Amino acid sequence: MIFNIEFLNCVLIIISAIIFVIFVYAAVVSIVEKEYLASGRFFLISFLLSLFFLLIAYFGFSQKEYFVSAFLLLLLLALIVIFIPFGNKKQEDNELPAGKIDERDIMFSRIILQENTENYKDYYKKRPEKKDGDDFIRSLPGLCSPKSALFNPFSYYAADSNFFAIEYLRNAVDGEISKTKTVADPAELTTFIKNWAKKLGALNTGICELKPYHLYSYRGRKDNYSEKVIHKHKLAIAFTLEMDKDYTSCSPAGPTVMESAQQYFASGSIAIRLAEFIRKLGYPAKAHIDGNYEVICPLVAQDAGLGEIGRLGLLMTPNLGPRVRVAVVTTDLPLICDKRKYNSSVVEFCKICKKCINICPTNAIQKDDRKMINGVKRWQINQEKCFEFWCKTGTDCGRCFSVCPYSHPDNFLHNFVRIGIRNSSIFRRIALFLDDFFYGRKPASAKVPKWINIKWKFVK
Ligand code: SF4
Ligand code: SF4
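Note that the numbering used here has the sequence shown beginning at 566, numbered continuously upward.
See below:
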């Protein structure tokens, strides 16, 4: 034996203590995150594993040297698997859309078409196959409706009051440009814009060249219906805002739509202030906010280096996955562009994970591999099925992104796992197994906070 028995026992006790500390840390973090299943399992493992090593230290066998060596070798292998890039793929040629999307084809535009109007007749003349399904969806109660299945006046009216306020923001997305141009160094301007966006509440901000495929071909909402979208600006500033985990974990109940509406308002208000600020500097700028988009926000944000698009068609950010809202400002202000941070791990993880598919109440999420759509290989959710559920329940659901393993909070515990997911195809499978074990393959919805879930009745 190279090492004496006291030394090996000492190593085993240290390993036991380290395991105990790490798993208790994970358990405490889980309590803070209100992930009680995970917390219980972390506590149990901390106890069992540390006890196992202590028992070996005190009553162990004569071959302790080999046991310790094997354990340390395993640990080294695990670190190699997490930190050494392995199995990642290069960007394929078909990662960017070839054509444009017509906003009139999206559900948000179709739902507001009114029977017997010119827009209604024109649209269903071109897309007769969509008419019956859309008529049915329009007959349902709708988002935030008192007649919807999950209606609760407190959460729904709170959400709707944000949507009400957003209507007013829409009038301010564009405006007069100052005749006096303020000129500054583009690098310093870029730093200012990013820092100010952060000060206003944005999480991350990125800038990219505005490409034709970022823009809708035609507008599809209210006053601008059928207006051709003109490629006016050279650059786009995209930024994200976090959606609160406590609220989205209750999905599909009312707090989810409360949070969505709040973040639509918050992101819209930031975009409007950024655009107005730029116009004061003497450059054109337009805010793209809920209900008034000329751009497809996830595509812009992806090119601005804020994340990659996954199975849900949403932006998957490195530290919060799809649990974000995105807004965009397009402009001619000279700024320094960021680069897309292509990483195949998002798509590769989505290929094996499929947790969102299992949880979706309507089977709206594509189960098989990405397909060529509009010249790009991508997943596409069934927007009709998804929207039908929204219009029945009155909320924007969000079960899919609330259970996504990428949506865990931005902290050391989850970021450590994210490093492994980003780097290694082997670790991606381990991470998925661990996520299912600690959080459940089909996690239950969290309880609606008491202060929202109050008893009520209508009186006339
Ligand atoms: S739940 Fe899984 S498959 Fe769905 S978006 Fe998230 S990582 Fe991708
Ligand atoms: S929002 Fe709900 S219905 Fe729509 S895809 Fe996600 S889980 Fe399915």
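Quick reminder that beta carbons are idealized off the backbone N, C-alpha and C, glycines included.
In this text the structure is predicted, and so the values were computed from the model without any measurement.
Can we count leucine 775 as close to ligand 1, meaning its CB is less than 6 Å from some heavy atom? Here residue 775 corresponds to residue number 210 of the sequence shown, with the count starting at 1. No, Cβ of leucine 775 sits at least 6 Å from all heavy atoms of ligand 1.
For the pair the region 735-755 and the region 836-844, tell me if three or more CB-CB distances fall below 8 Å. Contact between the region 735-755 and the region 836-844 is present, with at least three C-beta pairs closer than 8 Å.
Helix, strand or coil for tyrosine 783? Go by DSSP, reduced to three states. One-based indexing of the sequence shown puts residue 783 at position 218. Under the three-state reduction of DSSP, tyrosine 783 is assigned to strand.
Which residues in the same chain have their Cβ closer than 8 Å to the Cβ of alanine 762, if we skip the five residues on either side of it in sequence? As a position in the sequence shown, residue 762 is number 197, starting the count at 1. The residues Thr770, Ile802, Phe804, Ile835 and Leu839, in chain order, have a CB closer than 8 Å to that of alanine 762 in the same chain once the five nearest residues on each side in sequence are set aside.
Straight-line CA distance for lysine 1025 to cysteine 915? Position 460 of the sequence shown holds residue 1025. Position 350 of the sequence shown holds residue 915. So the alpha carbons of these two residues sit roughly 50 Å apart.
Where DSSP assigns a beta bridge to glycine 771, which residues make up the other side? The count along the sequence shown starts at 1 and reaches residue 771 at position 206. Bridge partners of glycine 771 according to DSSP: Ala803.
Per DSSP, what are the beta-bridge partners of phenylalanine 1003 in this structure? Walking along the sequence shown from the start, residue 1003 turns up at place 438. Partner(s): none; phenylalanine 1003 has no beta bridge.
Run the proximity test for glycine 875: is its beta-carbon closer than 6 Å to any non-hydrogen atom belonging to ligand 1? Here residue 875 is taken as the residue at index 310 of the sequence shown, counted from 1. Indeed, a heavy atom of ligand 1 lies less than 6 Å from the Cβ.
Spatial distance of isoleucine 772 from isoleucine 1019 (CA atoms): Counting from one through the sequence shown, the residue named residue 772 turns up at place 207. Counting from one through the sequence shown, the residue named residue 1019 turns up at place 454. Between isoleucine 772 and isoleucine 1019, the C-alpha separation is close to 44 Å.
Pop quiz: asparagine 760 and asparagine 884 are said to be a contact at Cβ under 8 Å. What is the actual Cβ separation, rounded to whole angstroms? Locating residue 760 in the sequence shown gives position 195, counting from the first residue. Locating residue 884 in the sequence shown gives position 319, counting from the first residue. 19 Å between Cβ atoms; not a contact.
Is the region 721-733 in contact with the region 822-829, if contact means three or more CB pairs nearer than 8 Å? The region 721-733 makes contact with the region 822-829: 3 or more CB pairs, one atom from each, lie closer than 8 Å.
With C-beta atoms as the reference, is valine 894 less than 7 Å away from alanine 852? The residue labelled residue 894 in the question sits at position 329 within the sequence shown. The residue labelled residue 852 in the question sits at position 287 within the sequence shown. Going by C-beta atoms, valine 894 is nearer than 7 Å to alanine 852.
Below 6 Å, is the gap between the Cβ of phenylalanine 998 and the nearest heavy atom of ligand 1? Working through the sequence shown from its first residue, we reach residue 998 at position 433. Phenylalanine 998 Cβ: outside cutoff for every heavy atom of ligand 1.
Reduced DSSP secondary structure (H/G/I, E/B, other) of lysine 526: The displayed coordinates of the chain run from 566 to 1025. Any statement about residue 526 would go beyond what the structure contains.
Since cysteine 921 and leucine 877 should fall inside the 8 Å C-beta cutoff, what is the C-beta to C-beta distance between them, to a whole number of angstroms? Counting from one through the sequence shown, the residue named residue 921 turns up at place 356. Counting from one through the sequence shown, the residue named residue 877 turns up at place 312. Contact check for cysteine 921 and leucine 877: beta-carbon distance about 6 Å, within the 8 Å limit, so the pair qualifies.
For leucine 613 and glutamate 630, what's the separation of their Cα atoms in angstroms? As a first step, residue 613 is located in the sequence shown; it is residue number 48 there, counting from the start. As a first step, residue 630 is located in the sequence shown; it is residue number 65 there, counting from the start. C-alpha separation (whole angstroms): 21 Å.
Exposure of glutamate 694, with buried meaning 16 or more beta-carbon neighbours within 10 Å: Position 129 of the sequence shown, counted from the first residue, corresponds to residue 694. With fewer than 16 Cβ atoms within 10 Å of its Cβ, glutamate 694 is classed as exposed.
Top-ranked residue by Cα proximity to leucine 780, from Glu741, Ala767 and Ile861: Taking the sequence shown and counting its residues from 1, the one referred to as residue 780 is at position 215. Relative to leucine 780, the option among Glu741, Ala767 and Ile861 whose CA is nearest is Ile861.
Out of Val982, Gly707 and Leu775, which one is the CA nearest neighbour of isoleucine 676? Here the question's residue 676 lines up with position 111 in the sequence shown. Taking only the C-alpha atoms, the option nearest isoleucine 676 is Gly707.
When DSSP labels each residue in this structure, what does serine 674 get in the three-state scheme? Residue mapping note: residue 674 aligns to position 109 of the sequence shown, counting from 1. If DSSP states are grouped into helix, strand and coil, serine 674 belongs with the helices.
For glycine 870, which residues of its own chain have a beta-carbon under 8 Å away from its beta-carbon, when the five flanking residues on both sides are left out? Position 305 of the sequence shown, counted from the start, is the residue given in the question as residue 870. Gly771, Cys773, Asp903, Lys904, Arg905 and Lys906.
Among Ile647, Asn947 and Gly940, whose alpha-carbon lies nearest the alpha-carbon of threonine 927? To locate residue 927, count along the sequence shown from 1; it is residue 362. By alpha-carbon distance to threonine 927, the top candidate from Ile647, Asn947 and Gly940 is Asn947.
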